[in-house]
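Top line first, the protein sequences correspond to chains E and G.
Just so we're aligned: 405 in our numbering is position 405 of the first sequence, and the numbers increase by one with no gaps anywhere.
Just so we're aligned: 1139 in our numbering is position 517 of the second sequence, and the numbers increase by one with no gaps anywhere.
Data block below; observations after.
Protein chains: 2
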Amino acid sequence: MTRPATKEPALDDAQLADLAQQLRVDAVRAAAAAGSGHPTSSMSAAEIGAVLLARHLRYDFDHPELPGNDHFILSKGHASPLLYAMFKAAGAITDDELLTFRTLGSRLEGHPTPRLPWVDVATGSLGQGLPIGVGVALAGKRLADLPYRTWVLCGDSELAEGSVWEAFEAAGAEGLDNLTAILDINRLGQRGPTRHQWDLDAYARRIRAFGWNTVEIDGHDIDAVDEALATARTTRGVPTAVIARTHKGRGVAEVEDKNGFHGKPLPHPDEAIRELGGLRDLHVHVRGPAEAEPSQPVGDPRTPLPHYDIGDSVATRTAFGEALTVLGSRRGDVVVLDGEVGDSTKAQLFAKEHPERYLECYIAEQQLVAASVGVGVAGWKPYASTFAAFLTRAHDFLRMATISRADLNVVGSHAGVSIGEDGPSQMALEDLAMMRSLHGSTVLYPCDANQAAKLVVAMADRPGITYLRTTRGDTPVIYASGEDFPIGGSKLVRSGPEDQVTLIGAGVTLHRAVAAAEILAREGVAARVIDLYSVKPVDAQTLRDAAEATGRFVTVEDHHPEGGLADAVLESFGNGHPMPLLTRLAVHTMPGSATPDEQLHAAGIDADAIAAAARKLVATPR
Amino acid sequence: MTRPATKEPALDDAQLADLAQQLRVDAVRAAAAAGSGHPTSSMSAAEIGAVLLARHLRYDFDHPELPGNDHFILSKGHASPLLYAMFKAAGAITDDELLTFRTLGSRLEGHPTPRLPWVDVATGSLGQGLPIGVGVALAGKRLADLPYRTWVLCGDSELAEGSVWEAFEAAGAEGLDNLTAILDINRLGQRGPTRHQWDLDAYARRIRAFGWNTVEIDGHDIDAVDEALATARTTRGVPTAVIARTHKGRGVAEVEDKNGFHGKPLPHPDEAIRELGGLRDLHVHVRGPAEAEPSQPVGDPRTPLPHYDIGDSVATRTAFGEALTVLGSRRGDVVVLDGEVGDSTKAQLFAKEHPERYLECYIAEQQLVAASVGVGVAGWKPYASTFAAFLTRAHDFLRMATISRADLNVVGSHAGVSIGEDGPSQMALEDLAMMRSLHGSTVLYPCDANQAAKLVVAMADRPGITYLRTTRGDTPVIYASGEDFPIGGSKLVRSGPEDQVTLIGAGVTLHRAVAAAEILAREGVAARVIDLYSVKPVDAQTLRDAAEATGRFVTVEDHHPEGGLADAVLESFGNGHPMPLLTRLAVHTMPGSATPDEQLHAAGIDADAIAAAARKLVATPR
């Protein structure tokens, strides 16, 4: 896998200046062809792009999978025309493809996505590139010893996002000298001037305070950019931020440093191209990566899963932590990240056994998810855990991770009112809705420890975002450790030929549904009980069979009524399948503090409430 | 409303030290009685609480509504025992009530909520108190000239949250000298040591870089705390952060500065109380607020709403901006906050007319929502706007705002694939799910300009979180400007006695549903069309009538299939109502870039797709 040293002479400064103009011209052309896009935001960073590509980036465009490749993340994703112009200059795409920008079917989307093999992650929601870059850099330094460097090009507007400061904090504390942030300070946001405009020192002061090296430059000075990126490459022990003063729309007088030209093609592209020196066709030979082998520990796939005895009481969060620890022994690629609550989520069990693959992200859930996406980019299997309620903090990062086609395991503990006394701020009551609505996601909600353990293993190889919801309190073990729980399946916990109603629960409510069925049985009402541990995808066939057999469903969930279990059940009856009568029990009220049992009772999702709803529904004529 | 100066002598330093011990003892007692809670996190801030209460806070506990009252926000909400002990010392609650901590029905929840009249906002999700405090302080300084001061007590763990740095940035830039952050640096997080432990200067450097004054003190030194809070009160032009070195569990050797005692009662509370000097019953006379009158501009309620002519094409985002501007003229209490995209959301129209009531929050959506909650605390009607997709960034703030019982209007533009070329990072496809799942929320999705304008006005007085989803592109005006659109209603756009199927849309898809009905009519299939502009609450009666009349529904939404329009429709059939056959059309795929029409076609939510689904459903036997 040795890369030959380039034989072509490096571009001199004059040629680099020319290359920068070419990048501008191509950005202007792409946006003009599309009739939309962000050429002015691209033009401010043209020298940065040119110098990075020609002199500092080490990347094999023919082999983007090489472990030694640098990573370049365009955090200001709206400057996609610049990125695509760089790809063209590197010979990765043709001019014809460049001009497909933003058209139906093109890989060159309005904001970059990994439909292009040289794009690690989707950007376009600002303030995400740097936190993800932290994850990529952590993987290269903490998880393995790889020679690559991570370059993140940020805009100035996005520096208002707190997530960026979570990243500055994490990178500074971890001493990520393999990470460089290049800040394109072009003074103008979408609506008008940024808060600090060209006060480079305002940014530098802040970033230095977070433990970074900073370099302030004129971002249109080829030499200055070159020297700054060289400084970034050679600075040891701390990450470097290159803070570049630039002009939005640089090079075209009609738009340069003028407000009102954000996110639109130039008004007179032909004249602009002339002003920029016309068309060019410069090609850059990008230096290949250093030789590197991926290095992940070797696991022992025979390490046995924990098993729990029927009748014992074990919290699913504990089973998660124990199974995850075993998974870490089985597989060397598993990495666990937690938001400083590992003692509660039980991710700490993994940390004790595999400290070298545990990344403490402190109470910064955006950085937690971003770092997880980043270590995934570098070839690891991330499990990110925190309280389920606090995953809402990272909703936008999860959303963008789906566009990044990221494979990401997310575990949320302390779901629902059943946590008890801590009160509503700690209760996830919206997490199923959030996680189900993510494109291509999987949502799992185990009710017992053996089921949780099996699902922890199953999720490892699931594509997309896979979410596991765990419970704080102990729940009885009802399944033998040998049972299987395929994703997309369910368990018929109780059924018979005379079933009049189907009770559907998952997690804590499954046990209440079983108890309700026992109450009903004593009254002569036969109730089927389904454990819907796979909330998405849902076991449509079992549900349809139950609808046909009983005609009546009671769903019960420790979640708000919207977007959770009941809605998942009803999805099985889209496309014209006859629907059962349904009563949905869920948390309609605002909880306070109380014991877990009191909470379930107050919310109307305990066994008595389920039995009452079933009784009423059985008496309803169809 | 003049407040009498206190006649009681102020507590001297020795008495304050005693008061601090009393706060510790009461925190220990409350947690011991509850069997849970966070006494050690309370004990580190006991001197801070004592000095603040006795010497610096100006607050009338009998009249929490007074506009001159200071605001005290316990951002480290888990230290609620300290807060409740302070309330007891101030005479606001009895000792008996203190000991109801965390029990069913008690106002003294595990984390504070506004069920207590002296609590402005719920806390417990870390990193929210300071951003909300920024909003409260902004209201006192920028929107009105009120003498109150906002005090926010933060923990050290939560300083890892990016939202806190959004707040430092905003407060520094706005020069909020009426805001004080008190940082309780007790070195220990939940799982173990914080990143910076007792490195006070690590915090001070960062905070100073954001333009704040900082004071570093020993947080257990009464004099030092007193002097620091006095400095904070008298510092002009910049906010002050008091950075206090403290010991978690201070005063009880068994737990003081020891790991492993987070979030649990003390192991030996009786001995701890003895060690702390036993029970006390000190009462503090808290100084009343300065005299102040609320000052809001007077509006002219007769200012006419914009109206649009049937057949014109107008984007609902434009109608939102125009109606909001009129609403600002009608009512002096309306405040608009935007995330630096006001030119896109059209909030900028309001900014031009009412610049003094427009707060630019830059690209920091957490701070945007937090500031909105904060100005709401101060008695204003906030409208917070940004791209709907980026509201996911503030999901946890919206969630907590429901626990705060905040009245908050949120407007998200650029919803769905219909935005076109910008691609999926800019498309809200999960926002309906997120907003519907919030407790007590209202979700509105207008399809035409007159409807949007009416809803902008209607939402102003709606309690809870009210969400308006707007569309980027122009849509035809189909309703006369005189029509009414009550929240909870719907519009029967097309119906007849022979209807065989009901097509249900909202926003952009309503127009496609109408077009599909026309296609079907030409084929002899009569289709009813419902405009479900009120997605939550939903018009259950109209839907049930349609189900009875047609038995078949096609729902069509520019949103992922989970948690949106279809699920809202099906909610009407909970509690055992017979359900229609249903086909749900939604965005199942990952979009790329394309024109709006191409996007709707590719997602299968255009008129042809609706007509095809309806044809198939009509042919399905029931």
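In this text, a Cβ means the ideal position worked out from N, Cα and C, and glycines have one as well.
Use the C-beta contact count for residue i: other C-beta atoms within 10 angstroms, 16 or more gives buried, fewer gives exposed.
i                 : result
Lys7 (chain E)    : Per-residue confidence for Lys7 (chain E) stands at a pLDDT of 49, beneath the threshold of 50, marking its modelled position as unreliable; the derived number appears in the next sentence. It counts as exposed.
Ala5 (chain E)    : Because Ala5 (chain E) sits at a pLDDT of 45, beneath the cut-off of 50, its placement in the model cannot be relied upon, and the following sentence gives the value as read from the coordinates. Looking at its Cβ environment, which holds fewer than 16 other Cβ atoms inside 10 Å, Ala5 (chain E) is exposed.
Arg622 (chain E)  : exposed
Val298 (chain E)  : exposed
His1210 (chain G) : exposed
Gly496 (chain E)  : exposed
Pro1004 (chain G) : buried
Gly873 (chain G)  : buried
Thr1164 (chain G) : buried
Arg522 (chain E)  : exposed
Once the 5 residues before and after residue i are set aside, which same chain residues still bring their CB inside 7 Å of it?
i                 : result
Asp499 (chain E)  : Ala526, Ala527, Arg528, Ala549, Thr550
Ile754 (chain G)  : Ile695, Val743, Ala992, Val995, Gly996
Thr303 (chain E)  : Val326, Ser329, Arg330
Gly690 (chain G)  : Leu768, Pro769, Tyr770, Pro911, Ala912, Glu913, Ala914
Glu791 (chain G)  : Phe832
Val1065 (chain G) : Leu1054, Met1057, Arg1058, Tyr1089, Val1157, Lys1158
Just to confirm, is the Cβ distance from residue i to residue j under 7 Å?
i                 : j                : result
Glu783 (chain G)  : Ile363 (chain E) : yes
Asp1044 (chain G) : Ile844 (chain G) : no
Gly249 (chain E)  : Met43 (chain E)  : yes
Ala89 (chain E)   : Val284 (chain E) : yes
Gly342 (chain E)  : Cys361 (chain E) : no
Arg771 (chain G)  : Asn800 (chain G) : yes
Ala453 (chain E)  : Ala323 (chain E) : yes
Phe397 (chain E)  : Thr40 (chain E)  : no
Gly841 (chain G)  : Thr816 (chain G) : no
Arg828 (chain G)  : Trp820 (chain G) : no
Ala428 (chain E)  : Ala389 (chain E) : yes
Does residue i come out as helix, strand or coil in the three-state DSSP assignment?
i                 : result
Phe1019 (chain G) : helix
Glu838 (chain G)  : strand
Pro661 (chain G)  : helix
Thr853 (chain G)  : helix
Val210 (chain E)  : Val is not the amino acid found at residue 210 (chain E); the sequence shown has Phe there. In the structure shown, Phe210 (chain E) sits in coil (DSSP, three-state: anything other than H, G, I, E or B).
Gly328 (chain E)  : helix
Asp1189 (chain G) : helix
Thr1093 (chain G) : coil
Gly162 (chain E)  : helix
Ala323 (chain E)  : helix
Lys381 (chain E)  : strand
Val121 (chain E)  : coil
Quick one: does residue i have its CB under 7 Å from some CB of chain C?
i                : result
Arg651 (chain G) : In the structure shown, chain C cannot be found, because the protein chains are E and G.
Among the residues of its own chain, which have a CB less than 8 Å from the CB of residue i, if the five just before and after it don't count?
i                : result
Leu295 (chain E) : The sequence given here has Ser at residue 295 (chain E), not Leu. Ala144, Asp145, Leu146.
Gly278 (chain E) : Val25
Output needed for residue i: all residues of its chain with C-beta closer than 6 Å, excluding positions within five of it in sequence on either side, in chain order.
i                : result
Gly49 (chain E)  : Leu23, Leu82, Met86
Lys491 (chain E) : Asp531
Thr470 (chain E) : Thr316, Arg317, Phe320, Ser413
Scan the region 352 to 375 of chain E for residues whose Cβ lies nearer than 7 Å to a Cβ of chain G and list them as they occur along the chain. Tyr362, Ile363, Ala364, Gln366
Using a Cβ-Cβ cutoff of 9 Å, what residues of the region 395 to 415 of chain E are near chain G? List them in chain order. His395, Asp396, Phe397, Leu398, Arg399, Met400, Thr402, Ile403, Arg405
Give me the subset of the region 802 to 829 of chain G whose CB atoms are less than 7 Å from a CB atom of chain E, sorted by chain position. Gly811, Gln812, Arg813, Arg817, Arg827, Arg828
Chain-ordered residues of the region 213 to 236 of chain E with a beta carbon less than 8 Å from chain G: none
Taking a Cβ distance cut-off of 8 Å, strictly less, list which residues of the region 234 to 259 of chain E are near chain G, in chain order. none
Counting only Cβ-Cβ distances shorter than 7 Å, please list the residues of the region 320 to 341 of chain E near chain G, keeping chain order. Glu340, Val341
So if I threshold CB-CB distances at 8 Å, which residues from the region 774 to 793 of chain G count as touching chain E? Ser779, Glu780, Ala782, Glu783, Gly784, Ser785, Val786, Trp787, Glu788, Glu791
In the region 1196 to 1225 of chain G, which residues sit with their C-beta less than 7 Å from some C-beta in chain E, listed in chain order? Gly1196, Asn1197, Gly1198, Pro1200, Met1201, Leu1203, Leu1204, Thr1205, Arg1206, Met1212, Gly1214, Ser1215, Ala1216, Glu1220
At a CB distance below 8 Å, what residues from the region 1050 to 1075 of chain G approach chain E? Give them in sequence order. Leu1051, Glu1052, Ala1055, Met1056, Arg1058, Ser1059, Leu1060, His1061, Gly1062
Name, going along the chain, the residues of the region 86 to 102 of chain E whose beta-carbon falls closer than 7 Å to a beta-carbon of chain G. Arg102
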